[in-house]
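Asker: At the far end of the sequence shown sits residue 169, using the UniProt record's numbering, and the numbering has no gaps. My questions will all concern the structure given below.
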Amino acid sequence: MHQCRLGADLLGSSSAEKVLGVLVDNKLSMSQQCAKKANGILSPSTGNISVVKEIVDKLLKGYDVRLRPDFGGNPVTVGMSIHISSIDQISEVNMDYTITMYFQQSWRDKRLAYNDLPLNLTLDNRVADQLWLPDTYFLNDKKSFLHGVTVKNRMIRLHPDGTVLYGLR
1 MHQCRLGADL
11 LGSSSAEKVL
21 GVLVDNKLSM
31 SQQCAKKANG
41 ILSPSTGNIS
51 VVKEIVDKLL
61 KGYDVRLRPD
71 FGGNPVTVGM
81 SIHISSIDQI
91 SEVNMDYTIT
101 MYFQQSWRDK
111 RLAYNDLPLN
121 LTLDNRVADQ
131 LWLPDTYFLN
141 DKKSFLHGVT
151 VKNRMIRLHP
161 DGTVLYGLR
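Have a look at this one:
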């Protein structure tokens, strides 16, 4: 019987399993064993969830969505990136086209800085309604819409220094 380490646990394996580089459990496949162990290592504990909830509640309490970051100070620098996923239609007659794209913006909002947890927080898309967002537009745009199957396709990620990453499709 040989042992291999997965996280803090030692898992037993036969010499054949060691030679083949696989770990056999009559009840679970190797991928199931790894997934089970990884879920145990990586899944958030109840304590972590309450800490994250507390951080988000504290950040949003008193946050005024109507005021841009550093209101009264320097303009907000907003970084942008566009990834065109597909060009769906081109009409030479109407001189227009349809594309599917991923649009990301990032900026720093000191009101959203937190030091309680050294992790980035990816939040529910509904949080975007509670945050200041840049008023971005596309020149010569005829019609735009946000994908909404089954919910609006947008993402908010907060970094400890207050950097916000906002993504749309």
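C-beta atoms are modelled at their ideal positions from N, C-alpha and C, and glycine is treated no differently. Here the structure is a predicted model, which is why all the values come from computation and not from measurement.
Evaluate contact between the region 123-131 and the region 54-73, counting only Cβ atoms and requiring at least three cross-stretch pairs below 8 Å.
Answerer: yes
Asker: Who are the Cβ neighbours of R68 in its own chain at under 6 Å, not counting the five residues just before and after it?
Answerer: V76, W132
Asker: Quick check on L112: buried or exposed, where buried means 16 or more other Cβ atoms within 10 Å of its Cβ?
Answerer: buried
Asker: Identify whether D109 lies in helix, strand or coil by the three-state DSSP scheme.
Answerer: Coil.
Asker: Starting from D135 and walking both ways along the beta strand (DSSP E), at which residues does that stretch end?
Answerer: If you look at D135, you'll find it isn't in any beta strand (DSSP E); DSSP assigns it neither H nor E.
Asker: Give me, in chain order, the residues of the same chain whose beta-carbon lies closer than 7 Å to that of N153; leave out the 5 immediate sequence neighbours on both sides.
Answerer: L146, H147, L168, R169
Asker: Can you look up D161 in the DSSP assignment and give me helix, strand or coil?
Answerer: In the structure shown, D161 sits in coil (DSSP, three-state: anything other than H, G, I, E or B).
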